[in-house]
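Here is the structure we will look at.
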Amino acid sequence: MDAEINIRSIEHQGRQPTTNALPVDQLTKRQLEVFQLARKKRYYDYPKKASAGDLADELNISTSTLHEHLHKVEAILLGQSGQHDQKLEREPSMHDR
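Residue numbers for the sequence shown follow the UniProt record's numbering, so the first one is 1 and each next one is one higher.
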């Protein structure tokens, strides 16, 4: 059984989608393709169910290109939320304690 998944937004559970939806519409088609495959193959699971090499092979790209795509996707999705960066800036490091 084949199915197609189109991600239009990613939301934090319990928050309003209009204010906290992640901007997947800002990704290129290729970035979205790479991100969707990474999620489908459970690359982001812990422990990972697929390696970067597995994903790169399936996409016919080098591992370094895959990492570049994922890095850009993560920067767009996390960078746009702003809350992640602010929280990290406020938390003391181990050296501050």
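Each residue gets a CB set at the ideal place from its N, CA and C atoms; glycine is no exception.
Note that the coordinates shown come from a computational prediction; the quantities given were computed from them, not determined experimentally.
Starting from residue 40, follow the alpha helix (DSSP H) in both directions and report where the run begins and ends.
In the sequence shown, counting from the first residue as 1, residue 40 sits at position 40. From DSSP, the alpha helix (DSSP H) with residue 40 extends over 29–40.
Checking 7 Å against the spacing of the C-beta atoms, do residue 61 and residue 26 come in under that value?
What you label residue 61 is simply residue 61 of the sequence shown in a count that begins at 1. What you label residue 26 is simply residue 26 of the sequence shown in a count that begins at 1. No; because the gap between Cβ atoms is not below 7 Å, this pair is not in contact.
Return the CA-CA distance between residue 34 and residue 70, expressed in angstroms with no decimal places.
If you number the sequence shown from 1, residue 34 lands on position 34. If you number the sequence shown from 1, residue 70 lands on position 70. Taking the CA atoms as reference points, residue 34 sits about 7 Å from residue 70.
What does the Cβ neighbour count give for residue 38, buried or exposed, with the cut at 16 atoms within 10 Å?
Along the sequence shown, read from residue 1 onward, the residue named residue 38 stands at position 38. Counting C-beta atoms within 10 angstroms of its own C-beta, residue 38 has 16 or more neighbours from the protein chains shown and is therefore classed as buried.
Given a cut-off of 7 Å on the beta-carbon distance, is the pair residue 44 and residue 50 in contact?
Looking up residue 44 in the sequence shown gives position 44. Looking up residue 50 in the sequence shown gives position 50. No, they are not a contact pair.
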